[in-house]
Structures are given as C-alpha cells and as structure tokens.
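Have a look at the structure below, then the notes.
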Amino acid sequence: MKIQIGKHTIGSGYPTFIIAEMSGNHGGSLDQAIKLIHAAKSSGADAIKLQTYTADTITLKSDKEDFCLKSDNAWAKHQTLWELYDKAYTPWEWHERLFAEAKKLRMEIFSSPFDETAVDFLEQFDPEVYKIASPEITHIPLLKRVARTGKPVIISTGISNLSDIELAVSVLRSEKVKDIIILQCSTAYPAPPEETNLAVIEDMKKRFNVLSGLSDHSMGVAIPIAAVALGANVIEKHITLDSGDETVDSFFSTGEKEFAYMVSGIRLVEKAIGKINYDISPTALKSINGRRSLYVSDRIKKGEIFTPSNIKCIRPAYGLHPQYYENIIGRKAKVDLEAGDRLSWDVAEE
1 MKIQIGKHTI GSGYPTFIIA EMSGNHGGSL DQAIKLIHAA KSSGADAIKL
51 QTYTADTITL KSDKEDFCLK SDNAWAKHQT LWELYDKAYT PWEWHERLFA
101 EAKKLRMEIF SSPFDETAVD FLEQFDPEVY KIASPEITHI PLLKRVARTG
151 KPVIISTGIS NLSDIELAVS VLRSEKVKDI IILQCSTAYP APPEETNLAV
201 IEDMKKRFNV LSGLSDHSMG VAIPIAAVAL GANVIEKHIT LDSGDETVDS
251 FFSTGEKEFA YMVSGIRLVE KAIGKINYDI SPTALKSING RRSLYVSDRI
301 KKGEIFTPSN IKCIRPAYGL HPQYYENIIG RKAKVDLEAG DRLSWDVAEE
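In terms of the numbering used here, the sequence shown has 113 at position 113, counting the first letter as 1, and numbering is strictly consecutive.
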C-alpha cells in the first residue's frame, strides 16, 4: 500500500513522511510563524502543519465550570478553554502567506481543521491532505466534510479507544475516502514513554488496512526514531524555535536543532532497516576470512592419517570448510604437509 501526498510517496520501502507541527508556537507573531516554516525546512521536515480554528469555532466564551481548565491541566494558567484557544490559534488571515511561504520552499503545508467552516476556508489553498486532530476523531460532521474534499486523511488517536477509531475509519470509508493514515498518539503533554505503545503502529496497519505512524508528544527524539524502526510511515512532532521563547506549546515541543537530529536519526534508521537479504554485505565480505577453516597443525607425511592431533579448525578461512572436519578425519594424506598448510580435498585420499 502506498499513498501520494504532493511529491511524496508514503508506504513501506519509501522514506518516512516527517511533519513539523507548528501549533501555537508562533506565539501570535506572523514573523515567528514564517521563521518556524524555515526552521522546519532546514531541519529536514517534509511538511509543516497548521491548526485552523478560532476560539469561537472550538468552544464557547464561558466561565462556567465545564469550560474552566482544571488545576492539573498543562494550560491551567489560561483559566478557560476560550482564553486558551484565543491565545493559541493561528489567525486565518495568515494562512495565505504561510501557504505561499511553504510552497516557495517546496514544502508540503496542510492543516488540522477543527470544524466544517475551517475546511471550507482551507479548500481555497488546495492542501494535499487533511489531518484530524485526536480530540476531533468523534466529530462526525467534520469527518464527513473532510471526506468530501477527496483528499487523503491523517487521523491522530490520542484520546480515542478502539471503537472510536473503528467509527472514524468507517465514516471516512463510507464517504469514499481511500487513503487513510492513522497515527498512534498519546494526548499527554509531555507524553510518558510508557504510555506511547509503539506496538500499536504495526497492529493498526493490519487491523485497518491503512498506513500508520506516530504523532509524538514525548520529550527528546528517541521514541519517534524507534517508531520508524517499528514500521511507522509518518512521524509528526511539534517544532519550536531555538530562541527559548515561551509559547503555549513550547514546553513539550522540539527545538530546531533537536528536530534536525531526529530527522537525521530517522534517515539513518531507514538505511539500517534495508530489505530482506541474507547475502553477506559487500563491506562484510572484507572480513570473510575472519571465519574458521581446516588447517594442518602438525607435520604430516604422505600416507599418514589425518587425526584431531594434526589438523585444527582455526582462522583464517582459506582452508577446507569446517563442515568437512569429520569427513577428513581418518583419511590419508596424498602429500607431505607442514603446520600451516591449508587442507583441501586435493591433499587427501578418497
């Protein structure tokens, strides 16, 4: 199975599609948003992803208890959902500039719409793919509206159980979506490694007949690199600038240099995965004589019998293969031999 997103072919045997998530790390600055696109490009990301919503399209401006952030919430200082999203959102009037900037750099750019109006808005930029954020996986009207664009769909699973994923996939397929990628995700900020469950990546491929990957919220880069070794086709990770500026998502995001380190690690792992091949590699062939073979270990006169006392299985490998040790024991030498001579069938009587 393979899926085309712009100039990128995604699937087994193809390079991992690496997405840099901007989220609210622009800090309300268009200039910083543009710098993040350039940081993603220089770090080796294949795509930059936005989030398209406003506080009013995602929640209500209310301070009732239901809308207040609990004290143990990572964003509790923003007090209410509306205040958080009003702080974090990417202004819609920026999108035209951001899409143009990414395309100038020959990067893919797309977004996570959080309601149907966001999809209608994004369609003018003709993104190659849409992403369903994990909290929206049960937002059936949104799924159907995204499906009607005919574009591939990436789904994150951070706050969903198996039945939620099954429902989302069913809805998309009922709307004729053929290309689906599901990302394993832990919607915790930052995500504890023990809750990442990378084993799910390969299971999702088989269970849903899709491509899969990881939307990573963990600290560091070890987990996304490991995910690629375990079969991830797509990696998504939040990126921030190395300036140290504090933004709504910077506390769990990856700086430009670390993001670049992750990309190089992933590309190295891809080379190491290789293909199913039992041949000795060209480089390893240089060390082939580090193996053992059969040699004369003591002087043997013509007509004398080969015994464990006068032949040994030793390095290097120029002599007879060790599998013939028992076959040659008890045979007579055809010629005089000295210690260090290679054993071969030519020097042994039949």
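Glycine included, every Cβ here is placed at the ideal spot set by N, Cα and C.
Subject >> Neighbour-count burial assignment, residue 26, 16 or more Cβ in a 10 Å radius >> reply: Indexing the sequence shown from 1 puts residue 26 at position 26. Flag for residue 26 reads buried.
**OP:** Using three-state DSSP, classify residue 69 as helix, strand or coil.
**Re:** In the sequence shown, the residue the question calls residue 69 occupies position 69. In this structure, residue 69 counts as coil in the three-state DSSP scheme.
**OP:** Identify, in the order they occur along the chain, each residue of the same chain with its Cβ nearer than 8 Å to the Cβ of residue 87, setting aside the five sequence neighbours on each side.
**Re:** The count along the sequence shown starts at 1 and reaches residue 87 at position 87. Setting aside the 5 residues that flank it on each side, residue 87 is surrounded in the same chain by 24, 28, 78 and 248, each with a C-beta closer than 8 Å to its C-beta; the list follows chain order.
Original post:
Taking three-plus beta-carbon pairs below 8 Å as touching, is the stretch 310-325 in contact with the stretch 282-291?
Top reply: They touch, by the three-pair rule.
Original post:
If we ignore side chains and look at the alpha-carbon of each, how far apart do residue 55 and residue 80 end up?
Top reply: Sequence index remark: in the sequence shown, residue 55 carries index 55 (1-based). Sequence index remark: in the sequence shown, residue 80 carries index 80 (1-based). Near 11 Å, if we compare the C-alpha coordinates of residue 80 and residue 55.
**OP:** State the CB to CB distance for the pair residue 116 and residue 142, rounded to an integer number of angstroms; the pair is presumed to be in contact (CB under 8 Å).
**Re:** Here residue 116 refers to the residue found at position 116 when the sequence shown is read from its first residue. Here residue 142 refers to the residue found at position 142 when the sequence shown is read from its first residue. The Cβ separation is near 6 Å, so the contact holds.
Subject >> Sheet register partners of residue 5 (DSSP bridge) >> reply: For the purposes of this step, residue 5 is identified with residue 5 of the sequence shown, where counting begins at 1. Answer is 8.
Original post:
Taking the alpha helix (DSSP H) that residue 42 falls in, what are its first and last residues?
Top reply: Numbered from 1 along the sequence shown, position 42 holds the residue referred to as residue 42. Note, residue 42: alpha helix (DSSP H), 30-43.
Original post:
Is the CB-CB distance between residue 112 and residue 50 below 9 Å?
Top reply: Counting from one through the sequence shown, the residue named residue 112 turns up at place 112. Counting from one through the sequence shown, the residue named residue 50 turns up at place 50. Result yes, Cβ atoms of residue 112 and residue 50 sit closer than 9 Å.
Original post:
Which residue comes first and which comes last in the beta strand (DSSP E) that contains residue 47?
Top reply: Taking the sequence shown and counting its residues from 1, the one referred to as residue 47 is at position 47. Segment 47-52, the beta strand (DSSP E) holding residue 47.
Original post:
Alpha carbon to alpha carbon, what distance is there between residue 284 and residue 327?
Top reply: Reading the sequence shown from its first residue, position 327 is the one you call residue 327. Reading the sequence shown from its first residue, position 284 is the one you call residue 284. Separation of residue 327 and residue 284 (C-alpha to C-alpha, rounded to the nearest whole angstrom) is 29 Å.
Original post:
Is the stretch 327-337 close to the stretch 292-312, with three or more CB pairs under 8 Å?
Top reply: Between the stretch 327-337 and the stretch 292-312, the count of C-beta pairs closer than 8 Å reaches three or more; the two stretches touch.
Original post:
For residue 91, which three-state DSSP category applies?
Top reply: To locate residue 91, count along the sequence shown from 1; it is residue 91. If DSSP states are grouped into helix, strand and coil, residue 91 belongs with coil.
Original post:
For residue 238, which residues does DSSP report across the bridge?
Top reply: In the sequence shown, the residue the question calls residue 238 occupies position 238. In DSSP, residue 238 forms a bridge with 21.
Original post:
Whole-angstrom Cβ separation of residue 217 and residue 189, contact assumed at under 8 Å?
Top reply: Residue mapping note: residue 217 aligns to position 217 of the sequence shown, counting from 1. Residue mapping note: residue 189 aligns to position 189 of the sequence shown, counting from 1. About 6 Å separates the beta carbons of residue 217 and residue 189, which is inside the 8 Å limit, making them a contact pair.
Original post:
Roughly how many angstroms lie between the CA atoms of residue 280 and residue 257, to the nearest whole one?
Top reply: For the purposes of this step, residue 280 is taken as residue 280 along the sequence shown, with counting starting at 1. For the purposes of this step, residue 257 is taken as residue 257 along the sequence shown, with counting starting at 1. The alpha-carbon separation between residue 280 and residue 257 amounts to approximately 36 Å.
**OP:** Spell out a yes or no on whether the stretch 226-235 and the stretch 203-214 are touching, meaning 3 or more CB-CB pairs, one atom from each, closer than 8 Å.
**Re:** These segments touch.
Original post:
At which residues does the beta strand (DSSP E) containing residue 214 begin and terminate?
Top reply: What you label residue 214 is simply residue 214 of the sequence shown in a count that begins at 1. In the DSSP assignment, residue 214 falls within the beta strand (DSSP E) that extends over 211-216.
Original post:
Considering only residues of the stretch 104-153, which uninterrupted alpha helix (DSSP H) runs meet the minimum length of 4 residues and lie entirely inside it, listed in chain order?
Top reply: Listed in chain order, the complete alpha helix (DSSP H) runs (minimum 4 residues) inside the stretch 104-153 are 116-122 and 140-147.
Original post:
Quick one: complete alpha helix (DSSP H) runs, 4+ long, within the stretch 151-234?
Top reply: Counting only runs of 4 or more, we get 162-174, 199-208 and 222-229.
Subject >> Residue range of the unbroken alpha helix (DSSP H) whose run includes residue 295 >> reply: Taking the sequence shown and counting its residues from 1, one reaches residue 295 at position 295. Premise fails: residue 295 lies in the beta strand (DSSP E), 293-296, not in any alpha helix (DSSP H).
Original post:
Under the rule that 16 or more other beta-carbon atoms within 10 Å means buried, what is residue 205, buried or exposed?
Top reply: Position 205 of the sequence shown holds residue 205. Under this definition residue 205 is a buried residue.
Original post:
What are the partner residues of residue 314, as DSSP defines its beta bridges?
Top reply: Position 314 of the sequence shown, counted from the start, is the residue given in the question as residue 314. Paired residues: 293.
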